[in-house]
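The block underneath contains the structure these notes are about, expressed in structure tokens.
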Amino acid sequence: MIAKVDCRTAYPSWQAQSDPNLQQKPKTFRIFGKTMASLVSNILSNRPLRRRLAAPTAFFERRLNKYSWGPVMLPRLIFVTVLAIVLAPHSHATEKKGKPKFTNRLAKETSPYLLMHAHNPTNWYAWGPEAFEKAKKEKKLIFLSIGYSSCFWCHVMERESFNNEEVAKILNDSFVCIKVDREERPDIDQIYLTALNVQGRQGGWPLSMFLMPDGRPIVGGTYWPREDKKIDGETAPGFKTILAAIRDNYKDEPKEFDKQADKIAAATARALENALVPGLAIVPLNRDLVDRVAEELRDEFDPEYGGFGNPNRKFRGTKFPMPPRLDFLLHYAERTKDKKVLEHLTLTLDQMAIGGIYDQLGGGFHRYSTERTWTVPHFEKMLYDNAQLVEIYSKAYRLTKRPLYRRIVAETLAYVDREMTSPQGAIYSSQDAETEHEEGRSYVWTPKELADALPNKADLEFAKKVYVTDGNANFEGKYHILRWSKMPDEVAKDLKMTEAELFAKLDPIRKKLFDVREKREKPFRNEIALTAWSGLMIAGYAEAGRTFAEPKYLKAADRAAAFVLKHQLTKEGRLLRTYGAAPGQQPKAAVNGYLEDYTCLVHGLLNLHEATKDKQWLDHAKKLTDTMLEFHGDKKSAGFYYTAHDAEKFFARSKDQHDGVISSGNSQATRNLMRLAKLTGETKYETEAERSFKFFAGTMKAYGPGLVTMAQAVDVYVEGRPPEKKKQ
1312 MIAKVDCRTA
1322 YPSWQAQSDP
1332 NLQQKPKTFR
1342 IFGKTMASLV
1352 SNILSNRPLR
1362 RRLAAPTAFF
1372 ERRLNKYSWG
1382 PVMLPRLIFV
1392 TVLAIVLAPH
1402 SHATEKKGKP
1412 KFTNRLAKET
1422 SPYLLMHAHN
1432 PTNWYAWGPE
1442 AFEKAKKEKK
1452 LIFLSIGYSS
1462 CFWCHVMERE
1472 SFNNEEVAKI
1482 LNDSFVCIKV
1492 DREERPDIDQ
1502 IYLTALNVQG
1512 RQGGWPLSMF
1522 LMPDGRPIVG
1532 GTYWPREDKK
1542 IDGETAPGFK
1552 TILAAIRDNY
1562 KDEPKEFDKQ
1572 ADKIAAATAR
1582 ALENALVPGL
1592 AIVPLNRDLV
1602 DRVAEELRDE
1612 FDPEYGGFGN
1622 PNRKFRGTKF
1632 PMPPRLDFLL
1642 HYAERTKDKK
1652 VLEHLTLTLD
1662 QMAIGGIYDQ
1672 LGGGFHRYST
1682 ERTWTVPHFE
1692 KMLYDNAQLV
1702 EIYSKAYRLT
1712 KRPLYRRIVA
1722 ETLAYVDREM
1732 TSPQGAIYSS
1742 QDAETEHEEG
1752 RSYVWTPKEL
1762 ADALPNKADL
1772 EFAKKVYVTD
1782 GNANFEGKYH
1792 ILRWSKMPDE
1802 VAKDLKMTEA
1812 ELFAKLDPIR
1822 KKLFDVREKR
1832 EKPFRNEIAL
1842 TAWSGLMIAG
1852 YAEAGRTFAE
1862 PKYLKAADRA
1872 AAFVLKHQLT
1882 KEGRLLRTYG
1892 AAPGQQPKAA
1902 VNGYLEDYTC
1912 LVHGLLNLHE
1922 ATKDKQWLDH
1932 AKKLTDTMLE
1942 FHGDKKSAGF
1952 YYTAHDAEKF
1962 FARSKDQHDG
1972 VISSGNSQAT
1982 RNLMRLAKLT
1992 GETKYETEAE
2002 RSFKFFAGTM
2012 KAYGPGLVTM
2022 AQAVDVYVEG
2032 RPPEKKKQ
């Protein structure tokens, strides 16, 4: 049995290892001494990196002794935190009938995530000048909470703390509270996640940060349980104690907080500006660089279940699909004919397809697996995963002709069409992990529920042979997550039938189970469409249409592209990131686009052009890329800024460069530029790509798996080009 109650599952720090905005940052100084460092310390340390920043003042080593506990408490605190999450109270103010008791400023927002907090007793502000002016006027610190609508642990902290009147009073009296939707404002999330990383910690969501009144970060963490916990006679502080510690010490010595904020802000700015390993004129651009990336990925292969992890930890812990890495391996295997790389790729795709991370009844992939075998997922579904995996399974089918991959693409696209597409053509962004405050309840089955759904005993026994791997519950000791016991061809062989006969018998049974499941409460769906993620979905539809010669997929890609260009492109040719509506209002586009909005949409348009040969998509891709070069390009140095030159100014500005579950804006930009150079023959695009390659080459050489999409672009760049010699 695989248990849900596990710090890999329940403690957000474990979840964040490979999330989109988590960048590999320097391990640096500890702040707030042993007390606060232990409190907000993450469980896993980042891969050791190459730069150590300045040491902190000793101020916080002295100040928080009255809240301290010994270092031996950390493992115990993890365990108690897990229990606190699992046993968290489930009251929610917005679920009460009638007029809500509290309403705050978030009621005016359009973000579904912000609206979820509109009736908290916590006096939330949206990000903006009103909150910062209040903090400066009243000389209060800011408490910043960042999350997103399908984040399970964000919901837990809201129920435990933000919806609790006692906690809300502390927050309202002593802090100015700002709530941010990371999907709407990834620029803010990226900055403060990096601020946490430069303190030597990994991040997750909810991201909880304390800021100076001008926005400079002081200290942060992820989820904190509301109450202190007694463990072996010692006290592990909860959120209320943390708030008291921050409040009291800021009141006593605000100047020391100011000094600390200066140091963290400076360290964050250096990290975001790519000050680690500049590669200009140092690392030659050749296939040795690409081969090095492939070798480093090979070192992280899980040889039994596929995917990537730490061999020193026997691949324990969370496992993300990591589509950019899989796409790199596809490209590399196809060019080099490397059988071992292809074998690992297909092992990963096979194991994901038969595992619990894939919704075996409704199609589509959950966000990640909480353990090595892909059995127990974190049940939220994100558009970006499904979009990219459709593209990868389509390409993999073209390379291998495996029937399972065709089926996965068809079922996933049926899910996107059924669940994630509006009647007007907008593509929604995500679905929650929970229903009825229980993670995965919409998807899992008790033995009785299976028996009731399949009253025909022969059908029930057949379903068990396929989907119940050893007869035992594999989730929380009482539920079945449906997954294949073996690969379909092996199951068919065991049952003495062909694979076609297996599916002919199985599909009607799946339909019965799905119809029963459809009567359950459905997870909350975030009906905000994001330009970047829509671009990835356009790319997936287009690649599937091209691979399988399927007109309906190309039609869906065409419709989605036309929708974005009509509703999320301004008259001046600038992209807007979001499209959606507040309750009772008409939907509209909002929020200036970020680098990833341009690069992901261009990727989709280029795929659509290559699949249809329709020149209009190439023309749109060129115009958007030219706009990106104008408003995001660094003309003095190289690379691209995440925010536009005329966007809101912060104490730091990012050139995102880490390929996590989505390729970074800089990686995607270089690949797009190389594709445009090949398709149009215009040398300016290759010249811009070359500048970025040279700027990021040092980082690529230092840790290639962090820039796999850029390495893929380098591979295209060096094709037929004489090797570049290293300058002496």
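Numbering (the numbering used here), first residue to last: 1312 to 2039.
Cβ atoms here follow ideal geometry from the backbone N, Cα and C, with glycine treated the same way.
Being a predicted model, the structure only gives us computed values, none of them experimental.
Using a 10 Å radius around the Cβ and a threshold of 16 neighbouring Cβ atoms, would you call PRO1894 buried or exposed?
Here residue 1894 refers to the residue found at position 583 when the sequence shown is read from its first residue. Its Cβ having fewer than 16 others within 10 Å, PRO1894 is exposed.
When the Cα of TRP1844 is compared with those of VAL1827, LEU1990, ALA1871, ASP1826, which residue comes out closest?
Residue mapping note: residue 1844 aligns to position 533 of the sequence shown, counting from 1. With distances taken between Cα atoms, TRP1844 lies closest to ALA1871.
Hey, which unbroken runs of the beta strand (DSSP E) at 3 residues or more fall wholly within the segment 1567-1649?
none
Does the structure place the segment 1751-1770 close enough to the segment 1729-1736 that three or more beta carbon pairs sit under 8 Å?
no
Can you give the Cα-Cα distance for GLU1606 and LYS1630, rounded to whole angstroms?
As a first step, residue 1606 must be located in the sequence shown, where it is residue number 295. As a first step, residue 1630 must be located in the sequence shown, where it is residue number 319. Going by the C-alpha atoms only, they are around 20 Å apart.
Sorted by chain position, which residues of the same chain lie with C-beta nearer than 6 Å to VAL2027's C-beta, five sequence neighbours on each side aside?
One-based indexing of the sequence shown puts residue 2027 at position 716. MET1985.
Distance between TYR1890 and GLU1745 (C-alpha atoms, nearest Å)
Position 434 of the sequence shown, counted from the first residue, corresponds to residue 1745. Position 579 of the sequence shown, counted from the first residue, corresponds to residue 1890. For GLU1745 and TYR1890, the distance between alpha carbons rounds to 24 Å.
Quick one: what's LYS1899 bridged to in DSSP?
The residue given as residue 1899 occupies position 588 in the sequence shown. Paired residue(s): GLY1891.
Counted within 10 angstroms of its Cβ, other Cβ atoms place GLN1699 as buried (16 or more) or exposed
Position 388 of the sequence shown, counted from the start, is the residue given in the question as residue 1699. Buried.
Where does TYR1669 sit, in a helix, a strand or coil, going by DSSP?
Residue 1669 sits at position 358 when you count from the first residue of the sequence shown. Three-state result, TYR1669: strand.
Where the beta strand (DSSP E) containing ALA1437 begins and where it ends
One-based indexing of the sequence shown puts residue 1437 at position 126. Element bounds for ALA1437: 1435-1437.
First and last residue of the beta strand (DSSP E) that includes LYS1490?
Residue mapping note: residue 1490 aligns to position 179 of the sequence shown, counting from 1. That run of the beta strand (DSSP E) goes 1486-1492.
Alpha-carbon to alpha-carbon, TYR1561 and ASP1573:
In the sequence shown, counting from the first residue as 1, residue 1573 sits at position 262. In the sequence shown, counting from the first residue as 1, residue 1561 sits at position 250. ASP1573 and TYR1561: Cα-Cα distance of roughly 15 Å.
Take VAL1827 and list the residues in its own chain whose beta-carbon comes closer than 7 Å to its own, dropping the five residues that flank it on each side.
Translated into the one-based positions of the sequence shown, residue 1827 becomes position 516. Result list for VAL1827: ALA1764, in chain order.
Contact the segment 1472-1492 vs the segment 1803-1820: 3+ CB pairs below 8 Å
no
I think ALA1479 touches THR1421, with their Cβ atoms under 8 Å apart; what is that distance to the nearest whole Å?
Taking the first residue of the sequence shown as 1, we reach residue 1479 at position 168. Taking the first residue of the sequence shown as 1, we reach residue 1421 at position 110. About 24 Å separates the two Cβ atoms, so there is no contact after all.
Status (buried if at least 16 other CB within 10 Å, exposed otherwise) for HIS1956:
Counted from its first residue, the sequence shown places residue 1956 at position 645. It counts as exposed.
Just reading off the beta strand (DSSP E) that ILE1453 is part of, what are its end residues?
In the sequence shown, the residue the question calls residue 1453 occupies position 142. It spans 1452-1458 - the beta strand (DSSP E) in which ILE1453 sits, taken as one unbroken run.
Taking Cβ to Cβ, would you say THR1686 is nearer than 8 Å to ILE1792?
Residue mapping note: residue 1686 aligns to position 375 of the sequence shown, counting from 1. Residue mapping note: residue 1792 aligns to position 481 of the sequence shown, counting from 1. For THR1686 and ILE1792, yes; Cβs fall inside 8 Å.
Straight-line CA distance for THR1546 to THR1552?
By 1-based counting over the sequence shown, the position of residue 1546 is 235. By 1-based counting over the sequence shown, the position of residue 1552 is 241. Approximately 10 Å, taken between the alpha carbons.
In three-state DSSP terms, what is ASN1783?
Taking the first residue of the sequence shown as 1, we reach residue 1783 at position 472. It is coil, neither helix nor strand.
Going by the DSSP bridge assignment, what does ALA1840 pair with across the sheet?
Here residue 1840 refers to the residue found at position 529 when the sequence shown is read from its first residue. Beta-bridge pairing links ALA1840 to TYR1890.
DSSP beta-bridge partners for ALA1944?
The sequence position of residue 1944 within the sequence shown is 633, counting from 1. Looking at the sequence provided, one finds Gly at residue 1944 rather than Ala. Note: GLY1944 sits in a beta bridge opposite PHE1951.
So the candidates are VAL2019, PHE1961, LEU1987; which of them puts its Cα closest to the Cα of ILE1499?
Start at 1 with the first residue of the sequence shown, and residue 1499 comes out as number 188. The option with the nearest alpha carbon to ILE1499 is PHE1961.
Proximal residues to TYR1378 (C-beta, below 7 Å), its chain only, five neighbours per side dropped:
If you number the sequence shown from 1, residue 1378 lands on position 67. Unreliable positioning characterises TYR1378 in this predicted model, as indicated by a pLDDT of 35, which lies under 50. The coordinate reading is nonetheless provided below. So the list reads THR1346, PRO1548, THR1552, ALA1556, once near-sequence residues are dropped.
Whole-angstrom distance between ASP1945 and PHE1859, CA atom to CA atom
What you label residue 1859 is simply residue 548 of the sequence shown in a count that begins at 1. What you label residue 1945 is simply residue 634 of the sequence shown in a count that begins at 1. Approximately 40 Å between the Cα atoms of the pair.
Close Cβ partners of ALA1958 (< 7 Å) along its chain, the five nearest in sequence each way excluded
As a first step, residue 1958 must be located in the sequence shown, where it is residue number 647. If we look at ALA1958 and ignore the five residues flanking it on each side, its Cβ neighbours are ASN1903.
Pairwise C-alpha distance: TYR1852 and GLY1846:
Reading the sequence shown from its first residue, position 535 is the one you call residue 1846. Reading the sequence shown from its first residue, position 541 is the one you call residue 1852. One C-alpha to the other measures close to 10 Å.
On the DSSP bridge assignment, give the partners of PRO1688 in chain order.
Reading the sequence shown from its first residue, position 377 is the one you call residue 1688. Bridge partners of PRO1688: SER1680.
Inter-residue spacing [alpha-carbon to alpha-carbon] between ALA1867 and PHE1814
Sequence index remark: in the sequence shown, residue 1867 carries index 556 (1-based). Sequence index remark: in the sequence shown, residue 1814 carries index 503 (1-based). Straight-line Cα distance between these residues: approximately 27 Å.
What does the alpha-carbon distance come out to for the pair ASN1837 and LYS1712?
By one-based count along the sequence shown, residue 1837 stands at place 526. By one-based count along the sequence shown, residue 1712 stands at place 401. Whole-angstrom Cα-Cα distance: 35 Å.
As assigned by DSSP and simplified to three states, the class of ILE1792
Counting from one through the sequence shown, the residue named residue 1792 turns up at place 481. Here ILE1792 sits in coil by DSSP.
Reference ALA1506, options ALA1582, THR1681, ARG1718, closest by Cα:
Locating residue 1506 in the sequence shown gives position 195, where the first residue counts as 1. Of the candidates ALA1582, THR1681, ARG1718, the one whose C-alpha sits nearest the C-alpha of ALA1506 is ALA1582.
What three-state label does DSSP hand MET1798 in the structure shown?
Working through the sequence shown from its first residue, we reach residue 1798 at position 487. Coil at MET1798, not helix or strand.
What do you get for SER1705, buried or exposed, if any count of 16 or more other CB atoms within 10 angstroms of its CB means buried?
As a working mapping, residue 1705 is identified with position 394 in the sequence shown. Buried.
Quick one: what does DSSP say PHE1521 is sitting in, helix, strand or coil?
Within the sequence shown, residue 1521 is the residue found at index 210, counting from 1. If DSSP states are grouped into helix, strand and coil, PHE1521 belongs with the strands.
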